[in-house]
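Let me begin by presenting the structure, written as structure tokens, before commenting on it.
2 protein chains.
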Amino acid sequence: MSQSLDRALVILSELAKDAKTLDQLAEQIDVHKSTVLRLLRTLEAHHFVRREGTRYYRLGSALFDLANQALEDRDVRRSSQPALAELNSRTGHTIHLATYEDGEVVYVDKYEGHHSVRMYSRVGKRAPVHCTAVGKVLVAAMAPARRAEIAESLDYQVRTGNTITNPADFLAELDKVAKHGYAVDNAEHEDFIHCIAAPIRGADGVVLAAASMSIPKILLDFDGLLALVPELVAAADDASVHSGWTGNTERGQ
Amino acid sequence: MSQSLDRALVILSELAKDAKTLDQLAEQIDVHKSTVLRLLRTLEAHHFVRREGTRYYRLGSALFDLANQALEDRDVRRSSQPALAELNSRTGHTIHLATYEDGEVVYVDKYEGHHSVRMYSRVGKRAPVHCTAVGKVLVAAMAPARRAEIAESLDYQVRTGNTITNPADFLAELDKVAKHGYAVDNAEHEDFIHCIAAPIRGADGVVLAAASMSIPKILLDFDGLLALVPELVAAADDASVHSGWTGNTERGQ
DNA sequence: CCAGCTGGTTGCATATTGCGCAACGACCGT
DNA sequence: ACGGTCGTTGCGCAATATGCAACCAGCTGG
Numbered sequence: 001m002s003q004s005l006d007r008a009l010v011i012l013s014e015l016a017k018d019a020k021t022l023d024q025l026a027e028q029i030d031v032h033k034s035t036v037l038r039l040l041r042t043l044e045a046h047h048f049v050r051r052e053g054t055r056y057y058r059l060g061s062a063l064f065d066l067a068n069q070a071l072e073d074r075d076v077r078r079s080s081q082p083a084l085a086e087l088n089s090r091t092g093h094t095i096h097l098a099t100y101e102d103g104e105v106v107y108v109d110k111y112e113g114h115h116s117v118r119m120y121s122r123v124g125k126r127a128p129v130h131c132t133a134v135g136k137v138l139v140a141a142m143a144p145a146r147r148a149e150i151a152e153s154l155d156y157q158v159r160t161g162n163t164i165t166n167p168a169d170f171l172a173e174l175d176k177v178a179k180h181g182y183a184v185d186n187a188e189h190e191d192f193i194h195c196i197a198a199p200i201r202g203a204d205g206v207v208l209a210a211a212s213m214s215i216p217k218i219l220l221d222f223d224g225l226l227a228l229v230p231e232l233v234a235a236a237d238d239a240s241v242h243s244g245w246t247g248n249t250e251r252g253q
Numbered sequence: 001m002s003q004s005l006d007r008a009l010v011i012l013s014e015l016a017k018d019a020k021t022l023d024q025l026a027e028q029i030d031v032h033k034s035t036v037l038r039l040l041r042t043l044e045a046h047h048f049v050r051r052e053g054t055r056y057y058r059l060g061s062a063l064f065d066l067a068n069q070a071l072e073d074r075d076v077r078r079s080s081q082p083a084l085a086e087l088n089s090r091t092g093h094t095i096h097l098a099t100y101e102d103g104e105v106v107y108v109d110k111y112e113g114h115h116s117v118r119m120y121s122r123v124g125k126r127a128p129v130h131c132t133a134v135g136k137v138l139v140a141a142m143a144p145a146r147r148a149e150i151a152e153s154l155d156y157q158v159r160t161g162n163t164i165t166n167p168a169d170f171l172a173e174l175d176k177v178a179k180h181g182y183a184v185d186n187a188e189h190e191d192f193i194h195c196i197a198a199p200i201r202g203a204d205g206v207v208l209a210a211a212s213m214s215i216p217k218i219l220l221d222f223d224g225l226l227a228l229v230p231e232l233v234a235a236a237d238d239a240s241v242h243s244g245w246t247g248n249t250e251r252g253q
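Protein chains in written order, with this note's numbering: chain A, 1 to 253; chain B, 1 to 253.
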């Protein structure tokens with residue numbers, strides 16, 4: 001809709017990967033050097049990018065400002081922090097905090113696991129709902145009509161052999177999740193990792209976010225993972241209390 | 001230079017303050033609603049903003065995605081470069097950037113002083129923590145337990161008449177450093193040189209590195225050196241901002 | 001010391017792109 | 001049902017962003 005803006009935003013995501021030179025950028029987004037230069041100058045004036053020497057450009061400090069302010073809006077992050085940090089340091093496993101947004105899951109916070117297995121996730125990153133434990137929790141929290149609507153709209157990209165691939169199966173899974181109060185991702189997103197997730201509720205029992213625990217399969221088998229559910233749920237409930245939840249929700253809805 | 005991009009970036013900083021509606025934005029940046037709408041749509045497509053209901057717009061997840069992605073490969077060396085280079089060229093004194101590694105200090109970057117006094121240091125070189133200003137800053141940034149652990153493990157090699165020679169004195173010195181936010185090396189490493197150092201912080205206020213200024217005693221007396229502390233701290237803070245530091249660290253350590 | 005290369009910068013002419021306008025429509029409260 | 005408040009859309013105009021080509025500055029190798 002706005003070409004120049006669009007290009008500028010593409011430039012930003014290119015620079016996020018790595019610092020680049022003018023014509024590297026020009027080549028990658030297929031526009032003239034001079035065009036890129038002008039965009040970069042405007043971005044630079046607003047501190048969205050900064051120059052390194054004369055040739056390299058990288059992201060600037062304005063991003064940090066904005067990101068910080070953007071995160072402040074998301075209160076769940078703060079109110080859940082103690083409970084999740086405690087769970088993380090006690091179990092040593094990777095914890096994610098995620099919210100639902102436009103048919104996808106957004107990771108809002110991450111507590112790195114103590115074992116050295118690196119996970120391909122990052123605060124701010126988005127992921128599909130149909131193959132993540134957090135996605136299931138978040139969608140399962142919605143009214144049945146909305147669930148169906150979302151189930152129909154997904155593209156069910158296949159990630160592993162266990163990935164759910166159609167609306168019917170997804171809806172059935174959601175029913176289970178709503179009933180049990182937690183969700184499982186049995187290596188449906190990444191082959192070597194399985195996860196469990198539980199909802200974090202605010203005032204009136206509305207689900208604000210989902211907390212998950214991700215563990216490499218080599219480290220813990222499926223039964224071992226399930227054994228951790230009570231701990232995760234306890235931490236999520238604790239986080240809920242600090243997010244305005246008033247104890248017993250008459251109905252999970 | 002690029003009008004639409006410029007306006008879009010202004011919109012982002014407006015949204016950073018608070019969520020706003022379409023014509024609130026239109027009024028504030030003094031352009032037509034429809035124009036703002038188009039910009040918002042492109043921003044939304046890239047997840048730079050997100051809608052809340054139909055009326056309110058707020059910052060989106062791409063912002064903290066980019067910021068986090070940028071932080072991953074942003075080494076202190078690069079992000080501190082402008083601030084330190086500026087300090088170096090303005091004062092003409094030797095600046096070091098150092099990190100902590102395995103009980104020692106590693107010089108990561110060096111900005112040569114304008115006077116031709118040779119200093120025994122080099123990028124990549126290691127130095128003890130007990131007799132350098134950077135070492136004190138880096139260890140002082142750690143939790144008390146870790147400080148004590150390190151203090152016990154050092155060998156306190158004597159370099160000059162002023163060198164600290166035992167754990168108790170070192171720990172006392174660290175307390176001072178943590179309290180004041182800067183460290184001093186009063187000719188404790190080399191007889192004819194004294195230094196000051198300050199921490200450079202990244203996201204969450206964690207200390208990533210320390211910046212120091214080293215000056216021959218013949219060139220400037222001790223009081224003159226201390227008078228430079230504010231300048232060094234200012235430069236270090238500037239470097240911190242470009243390293244992801246978000247301003248107020250409620251607790252410095 | 002120069003020639004050639006790489007990569008950044010500038011001025012200009014063109015038309016694409018983004019702009020304001022005004023009318024429309026969705027929603028809400030009275 | 002009616003008026004008001006906002007978000008949304010189509011359109012025609014021209015300002016704006018774009019590509020081009022020529023111009024530099026910094027490096028490298030001969």
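Even glycine gets a Cβ: it sits at the ideal position worked out from N, Cα and C.
Keep in mind that this is a model prediction, so the values were computed, not measured.
State yes or no: is the beta carbon of Ala16/A nearer than 8 Å to at least one beta carbon in chain B?
Taking CB atoms only, Ala16/A has a neighbour in chain B less than 8 Å away.
Do the CB positions of Glu14/A and Gln3/A come within less than 8 Å of each other?
no
Is Leu9/A close to chain B? Criterion is C-beta to C-beta, closer than 8 Å.
yes
Supposed contact pair His242/A and Ser79/A - C-beta distance, whole angstroms, cut 8 Å
4 Å
Listed by chain order, chain A residues near His32/B by CB distance under 8 Å:
Residues of chain A whose Cβ lies closer than 8 Å to the Cβ of His32/B do not exist, since the nearest Cβ in that chain is about 14 Å away.
Identity of the residues DSSP links to Ala198/B by a beta bridge
Ala211/B
Cα-Cα, which of Gly53/B, Leu5/B and Gly135/B is closest to His189/B?
Gly135/B
Provide the residue span of the alpha helix (DSSP H) that contains Ile11/A, from first to last.
Gln3 to Lys17
Expected contact under 8 Å - CB spacing of Leu174/B and Arg146/B to nearest Å
No, Leu174/B and Arg146/B are not in contact; Cβ-Cβ is about 11 Å, not under 8 Å.
Environment of His47/B [buried if 16+ CB atoms lie within 10 Å]
buried
Separation of Gln69/B from Ala187/A, as counted between CA atoms:
25 Å
Which value, in whole angstroms, describes the spacing of the CA atoms of Gly205/A and Trp245/A?
6 Å
Throw me the rounded Cβ distance for the Val137/A and Ala234/A pair, which I believe falls under 8 Å.
Cβ-Cβ separation between Val137/A and Ala234/A: approximately 15 Å, too far for a contact (criterion under 8 Å).
Please report the straight-line C-alpha distance between Ile196/B and Gly60/A, rounded to a whole angstrom.
Looking at the two C-alpha atoms, the distance is approximately 28 Å.
Name the residue from Glu104/B, Leu9/B, Glu152/B and Glu112/B whose alpha carbon lies nearest to the alpha carbon of Pro167/B.
Glu152/B
In or out: Ser240/A buried (at least 16 other Cβ within 10 Å) or exposed?
buried
Just verifying my parser: in three-state terms, what is the DSSP assignment at His93/A?
Correct three-state label for His93/A: coil.
In whole angstroms, what is the alpha-carbon distance linking Arg7/A and Thr42/B?
Straight through space, the alpha carbons of Thr42/B and Arg7/A are spaced by roughly 10 Å.
Close beta carbons around Val229/A, own chain, < 7 Å, minus the five adjacent residues each side:
Counting only Cβ-Cβ distances below 7 Å, and skipping sequence neighbours, we find Tyr182 and Ile196.
Proximity test, Cβ basis, 8 Å: Asn68/B and chain A:
yes
Using a C-beta to C-beta distance shorter than 8 Å, which residues of chain B count as neighbours of Ser4/A?
Ser2, Ser4 and Leu5
Taking beta-carbon pairs under 8 Å, can you tell me which members of the region 35–47 of chain A lie near chain B?
Arg38, Leu39, Arg41, Thr42, Leu43, Ala45 and His46
Whole angstroms are fine: how far does the CA of Leu87/B sit from the CA of Phe64/B?
30 Å
7 Å Cβ shell around Leu39/B - same chain, five flanking residues per side excluded:
Same-chain partners within the cutoff: Ser4, Arg7, Ala8 and Ile11.
Report yes if the C-beta distance between Ala254/B and Ala140/B is below 8 Å; otherwise report no.
Only positions 1 to 253 of chain B appear in this structure, which leaves residue 254/B out of reach.
Using the C-alpha atoms, what's the distance from Ala26/A back to His32/A?
6 Å
Option in Phe170/B, Val184/B, Cys131/B and Ser34/B with minimal Cα separation from Val158/B:
Cys131/B
Cβ of Asp238/A within 8 Å of Cβ of Ala83/A?
Yes, they are a contact pair.
Taking the alpha-carbon positions, what's the Leu208/B to Met1/B distance?
When rounded, the distance between both Cα atoms is 36 Å.
Those residues which DSSP pairs with Asp185/A across a bridge:
Cys195/A
Roughly how far, in whole angstroms, is the beta-carbon of Arg50/B from the beta-carbon of Glu101/A, given that I think they are within contact range, below 8 Å?
Rounded, the Cβ-Cβ distance is 6 Å, consistent with contact.
Determine the DSSP secondary structure at Arg251/B, reduced to helix, strand or coil.
Only weak support exists for where Arg251/B lies, its pLDDT of 45 falling under 50; the coordinates are left without a value.
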